[in-house]
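The structure appears below as structure tokens.
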């Protein structure tokens, strides 16, 4: 049974993408067609936040920040174009790039869940992590 709330998807790009796509498909009710060649995995909390960013206020402890970066709760799906737009921006600007750019609407349920959040703190990531793991338990009957 999956119980560990600090599970990360750091290694294995293909595994990381597969797990997130499977989760997204289940959350959307199935029947979704994905263009795998343009889908990428985005870290909402960036791996390398900019100096003076809100990320460093929300995650002042570098070790703690590193622990959250690769957690399932911090990962979303984006098209390659949208991912390059999102960069290391602060959370509000990232949401703008995810959802309101000229390159169209984000079709992924996992990613649209982010729009509901006003902040992206350790508590938010932890709750999302638990929600994702609960969904994976149901999907794979773990």
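Residue numbers (the numbering used here): 6 to 147.
Ideal Cβ positions, reconstructed from N, Cα and C, are used throughout, including at glycine.
Chain-order list of residues whose beta-carbon lies under 7 Å from that of residue i (same chain, five-residue window excluded)
{"i": "residue 58", "result": "95"}
{"i": "residue 2", "result": "This structure does not reach residue 2, given that the chain is present from 6 up to 147, and the question cannot be answered."}
{"i": "residue 61", "result": "54"}
{"i": "residue 117", "result": "111"}
{"i": "residue 78", "result": "130, 131, 133, 134, 137"}
{"i": "residue 25", "result": "46, 80, 82, 115"}
Counted within 10 angstroms of its Cβ, other Cβ atoms place residue i as buried (16 or more) or exposed
{"i": "residue 142", "result": "exposed"}
{"i": "residue 146", "result": "exposed"}
{"i": "residue 83", "result": "buried"}
{"i": "residue 134", "result": "buried"}
{"i": "residue 47", "result": "buried"}
{"i": "residue 34", "result": "exposed"}
{"i": "residue 115", "result": "buried"}
{"i": "residue 80", "result": "buried"}
{"i": "residue 120", "result": "exposed"}
{"i": "residue 40", "result": "exposed"}
CA nearest to the CA of residue i, picked from the options
{"i": "residue 76", "options": "144, 130, 147", "result": "130"}
{"i": "residue 50", "options": "114, 100, 36", "result": "100"}
{"i": "residue 124", "options": "115, 27, 97, 45", "result": "97"}
{"i": "residue 36", "options": "132, 119, 113", "result": "113"}
{"i": "residue 85", "options": "140, 79, 103", "result": "103"}
{"i": "residue 42", "options": "93, 23, 80, 32", "result": "23"}
{"i": "residue 89", "options": "40, 44, 144", "result": "44"}
{"i": "residue 105", "options": "93, 87, 92, 122", "result": "87"}
Neighbourhood of residue i by C-beta, 6 Å cutoff - its chain only, sequence neighbours within 5 removed
{"i": "residue 63", "result": "126"}
{"i": "residue 52", "result": "74"}
{"i": "residue 38", "result": "none"}
Residues of its chain near residue i, where Cβ-Cβ distance is below 8 Å and the 5 sequence neighbours each way are ignored
{"i": "residue 140", "result": "28, 31, 32"}
{"i": "residue 144", "result": "27, 28, 31"}
Validate contact between the segment 19–28 and the segment 66–74 using beta carbons, cut 8 Å, 3 pairs: no
Extract the residue ranges of the alpha helix (DSSP H) inside the segment 63–121, only unbroken runs of 4 or more that lie entirely within it. 67–74, 85–91, 96–104, 114–117
In chain order, which continuous runs of the beta strand (DSSP E) of length 3 or greater are located wholly inside the segment 10–45? none
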